[in-house]
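Residue numbers (the working numbering): 2 to 252.
All residues carry an ideal CB built from backbone N, CA and C; glycine is no exception.
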């Protein structure tokens, strides 16, 4: 990882006000909307209440969206020639990917932190402080896999539509990953193989201890959720490295 490149990227991203407002504020609005749809969200749920469940879900989505969009800016860089400048340096593809990941994780931390802060001030409750801490850390750390996804899409498409494709994919992953609404039956069985399922399940695990929401949701073991996250991490990381090398080979 190149600290200088990380610093430059953070400064550049801080000037993109429109993107930051979208990735940071939208999860907060979604939490406020969904968190008050179920009788005010104060009903008990696992080691806390429904509002905490919704808060954790929206924080996970927001952090994943932030890492995806930040890492996906590689497409715009390639179009503007910045990618060629980087290719002339000694930075290896793995270093480029890692630096992008670091920037994305920093932004995701701020995004998740804001959702958790709003949740704490609007009635989200957990029975113990460790539930808050564990859920927040899992939100931030787990979101890193979607930085690989965003970078892979950005470098593979290398067009202005890349970020739209990546963000649209995140909406799809969230709907079919049991993030926005509880799934059941066949849809739930399919969801267990999607990228967001393991990540969101781990974020909510300190609260639910594996118990799913909705009729017939059943229980997810910690091992199944971790296996899902690890498998998709490897898939997205390999995809990102392949896309970066493919892009540089064309120059």
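Give the single residue among the options whose Cα lies nearest to the Cα of residue i.
i           : options            : result
residue 109 : 91, 129, 144, 88   : 144
residue 34  : 173, 223, 170, 55  : 55
residue 64  : 129, 29, 3         : 29
residue 205 : 62, 23, 9          : 62
residue 242 : 193, 203, 211, 150 : 150
residue 13  : 124, 72, 119       : 72
residue 104 : 93, 209, 68        : 68
residue 128 : 158, 148, 223, 51  : 51
By the three-class DSSP mapping on this structure, what secondary structure does residue i have?
i           : result
residue 4   : helix
residue 50  : strand
residue 181 : coil
residue 72  : helix
residue 125 : coil
residue 194 : coil
residue 220 : strand
Pull up the distance between the alpha-carbon of residue i and that of residue j, whole angstroms please.
i           : j           : result
residue 139 : residue 15  : 24 Å
residue 239 : residue 152 : 11 Å
residue 96  : residue 170 : 25 Å
residue 66  : residue 10  : 17 Å
residue 45  : residue 212 : 13 Å
residue 106 : residue 187 : 33 Å
residue 114 : residue 25  : 10 Å
residue 117 : residue 7   : 25 Å
residue 167 : residue 100 : 19 Å
residue 199 : residue 18  : 31 Å
residue 3   : residue 92  : 8 Å
residue 154 : residue 247 : 12 Å
residue 141 : residue 231 : 15 Å
residue 124 : residue 235 : 37 Å
residue 190 : residue 165 : 28 Å
Given a cut-off of 7 Å, decide if residue j and residue i are closer than it, judged by their beta-carbon atoms.
i           : j           : result
residue 197 : residue 225 : no
residue 288 : residue 37  : The shown model of the chain, from 2 to 252, leaves out residue 288, and the question about it has no answer.
residue 59  : residue 31  : yes
residue 203 : residue 192 : no
residue 1   : residue 146 : No statement about residue 1 is possible, as the shown extent of the chain runs from 2 to 252 and does not include it.
residue 244 : residue 136 : no
residue 178 : residue 148 : no
Along the chain, where does the alpha helix (DSSP H) containing residue i start, and where does it finish?
i           : result
residue 20  : 18-35
residue 149 : 145-158
residue 89  : Looking at the DSSP string, residue 89 is not in any alpha helix (DSSP H), and its letter there is neither H nor E.
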